[in-house]
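The block underneath contains the structure these notes are about, expressed in structure tokens.
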Amino acid sequence: MDLNAITDQERIRRQKLAELRERGIDPYPARCERTHTAKQAKAAFERGELGPDDIVALVGRIMTRRIMGKASFAHIEDGSGRIQIHVRRDLLGEETYNWFFKKMLDIGDIIGVKGPIFRTRTGEITCEVREITLLTKTLHPLPDKWHGLTDVETRYRHRYVDLMVNPEVREIFVKRAKLVRAIRDYLDSEGFLEVETPILQPIYGGAAARPFTTYHNELEQELYLRISFELYLKRLIVGGYERVYEIGRDFRNEGVSFKHNPEFTQLEFYEAYTDYHGVMRRAEELISYAVEQVNGSLKLTFQGHEIDFTPPWPRVPLRDAIHEKTGIDIMQYRGDADGLRKAMRDIGGNPNPEAGWGKLVDSLLSSYVEETLIQPTFIVDYPVDISPLAKRSPENPDIAERFEGFIGGMEICNAFSELNDPLDQLERFLEQGRALAAGDEEAHPVDEDFILALRFGMPPTGGFGMGIDRLTMIVTDKPSIREVILFPHLRTKLQGVT
RNA sequence: GGGGCGCUAGCUCAACUGGUAGAGCAGCGGACUCUUAAUCCGCGGGUUGGGGGUUCGAGUCCUCCGCGCCUCACCA
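With the first letter of the first sequence counted as 1, position 451 gets the number 436 in the numbering used here; the numbers rise by one all the way through.
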């Protein structure tokens, strides 16, 4: 539990460190030799390119050992994988074998070996060690070679140990990188420009969330860590770029859960001269492309559910989705929050007494509908009052042209026909400002410069935001967002109690 | 923030209604030239998350605190 404690095992390793230095061996040499990775050496041998006279130089961490009197086996592991080494006394000499290899080296040490590659009687490709060099002495013992490290708290707090001994964890972040790469490939090939916008913002916006606050000393100014990129990316559309995107970190000062981390990775793209229908088509194309690139197939298993990403995905009006799950027709209570609250209580719900119609509708969605949306599904047409940056439906001014994409029972993305009417946008900001003043801490503050940008004219635009972490959860079949974030947020352990 | 569960050796886990804290791996010493969870013999290793309490006696019961997990609330 306490990895900082000096145990008897570490004390022994520190003694070895001193003994190595006494004998003139640098336990942390500056240079090393390598001709092949473990994987390359095995592949070259398989192809017949390495004969008994070809010497390879390998490096890696000692992961297992089977020590015997005059010849031993071990596995070393580098970034490409493991390879077995065979260490013989008659090839290395008495001192190197008995003292250096058997006494001074430990599991976890990083070494270099040189020698030819051969195949053992049991068929394993193995390096016959002629030279062995210490590259890094390890002082802390590794976790159990068989059970590995399973304690989630230790795995997250000391992720390097988790990665070291759990190759399947390393694989998660390889997949994550492939996913992000595929998203970039798609957007780049469609003519989107990747941009970077401020993380430190004087006014936060683009989402309903409480921000982290910080302070610039020289400017004597309070700043916020962004909760979304939206208002900056739309300024770029005003400026004349037709297709822009950003992949980066958002910060939201809210609770943590299996699908919430205080900082998380978001993709947002904005595309001029399209609407939310166009964005829906692009969203299913983008996501299915990225999933197929990572997964090799449009079908995968997430938490026991077979999920099929093949487009097109169903478009279900929010009104219908809620009606199907609850029997409540939200449009029947339009503008009648109290009536809707009563209907919610009638089906056993516990509606927020402060919430307006839109927020109640949203809570119906998250309480009754969201977890049932396993297959990729677009829920479309949301209440305007919880969509302050989305364009109104021409057919119904209470409804915004907005959709959210759900996969595996989680909201994955959120998009709309962007509101480009500056006066309507100002009115919605003011509405939000009143909510903020009334105590809704997640409402939008007014961004006057953004209104000015809209007054210069933003073309009809579709915008899209997606949680990369959640999509990674789906693709790697992980039940918690912490499994797909290398260093998830945990409370800091304090030294000394009370 | 509320509720529930958990925290024992470096790692993975035991320890019945309170009665001497154990095992496997890892480590240390020894044997062993095709092993791969190597095997065999022997040995050491603990402030049972922390403080306080009840008791002849606490890993176990009570209490406060810390951290984690689940859940509810919250959450575009």
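Note that the Cβ used here is the ideal one computed from N, Cα and C, for glycine as well. Since the model is a prediction, treat every value here as computed from it, not as a measurement.
**Study point:** Integer Cβ distance of R142 from L148, believed to fall under 8 Å
**Key:** Wrong, their Cβ atoms sit about 13 Å apart, outside the cutoff.
Check your understanding: With P373 and R419 assumed to form a contact (beta carbons below 8 Å), what rounded beta-carbon distance in angstroms separates them?
Key -> Not a contact, Cβ separation roughly 12 Å.
Practice item. Can you tell me the Cβ-Cβ gap for V150 and L134, rounded? I've got them flagged as a contact below 8 Å. Key: 5 Å
Review point. Which residue from A56, E62 and D11 puts its Cα closest to that of L43?
Key: E62
Exercise for review: Within the same chain, show all residues whose beta-carbon is closer than 6 Å to that of R74, passing over the 5 residues directly before and after it, in chain order.
Suggested key: K55 and Y82
Exercise for review: Since I believe V223 is in contact with F441 (beta carbons under 8 Å), could you give me their beta-carbon distance rounded to a whole number of angstroms?
Suggested key: 6 Å
**Study point:** Sequence ranges, alpha helix (DSSP H) only - wholly within the stretch 58 to 122, length at least 4
**Key:** 74 to 77
Point to revise | Residue nearest to R(-2) in terms of C-alpha spacing, selected from L271, K122, G233 and R115 | key: K122
Point to revise | Which residues DSSP lists as bridging L235, in chain order | key: It is Asp, not Leu, that sits at residue 235 in the sequence shown. Per DSSP, F249.
Check your understanding: With respect to the beta strand (DSSP E) encompassing D314, which residues constitute its N-terminal and C-terminal limits?
Key -> Element bounds for D314: n/a, residue is neither H nor E.
Check your understanding: What number of angstroms, rounded off, separates the C-alpha of I(-9) from the C-alpha of G45?
Key -> 25 Å
Check your understanding: Just the Cα atoms here: how many angstroms apart are V469 and N246?
Key -> 11 Å
Exercise for review: Mark N381 as exposed unless 16 or more other C-beta atoms lie within 10 angstroms of its C-beta, in which case mark it buried.
Suggested key: exposed
Review point. Residue ranges of each beta strand (DSSP E) run of no fewer than 3 residues wholly in the stretch 397 to 459, ordered along the chain?
Key: 446 to 452
Practice item. Work out the CA separation of I68 and V84 for me, nearest whole Å. Key: The sequence shown places Trp at residue 84, rather than the Val named in the question. Distance between the alpha carbons of W84 and I68 is about 23 Å.
**Study point:** Closest Cα partner of Y226 within the set D462, P445 and E355
**Key:** P445
**Study point:** Residue environment, E231, which counts as buried when at least 16 other CB atoms sit within 10 Å
**Key:** buried
Check your understanding: Comparing alpha-carbon positions, which option in R266, R140, L164 and A322 lies nearest L475?
Key -> R140
Point to revise | Residue interval of the alpha helix (DSSP H) (run including T139) | key: V137 to R142
Check your understanding: The beta strand (DSSP E) with G45 in it runs from where to where?
Key -> V41 to R51
Review point. If you pair each beta-carbon of the stretch 319 to 333 with each one of the stretch 396 to 408, do three or more pairs fall below 8 Å?
Key: no
Exercise for review: Compute every distance between the C-beta of T311 and the non-hydrogen atoms of the ligand GDP, then say whether any falls below 7 Å.
Suggested key: Among the ligands in the structure shown, none appear at all, so the ligand GDP cannot be discussed.
Practice item. Can you grab the Cα-Cα spacing for the pair E416 / F449, in whole Å? Key: 23 Å
Practice item. Report yes if the C-beta distance between P368 and V346 is below 8 Å; otherwise report no. Key: yes
Review point. Of all the options E179, H201 and L358, which has the alpha carbon lying nearest to the alpha carbon of W298?
Key: L358
Check your understanding: Candidates G233, Q360, G390 and E356: which alpha carbon is nearest D366's?
Key -> G390
Review point. So G263 is in the beta strand (DSSP E); what residue range does that whole segment cover?
Key: G263 -> not in any beta strand (DSSP E); alpha helix (DSSP H) instead, spanning Y261 to N280.
Review point. Where do the ends of the beta strand (DSSP E) carrying L210 lie?
Key: Q206 to L210
Review point. So, is F288 buried or exposed, given that buried needs 16 or more other C-beta atoms within 10 angstroms?
Key: It should be pointed out that residue 288 corresponds to Gln in this sequence rather than to Phe. So Q288 counts as exposed.
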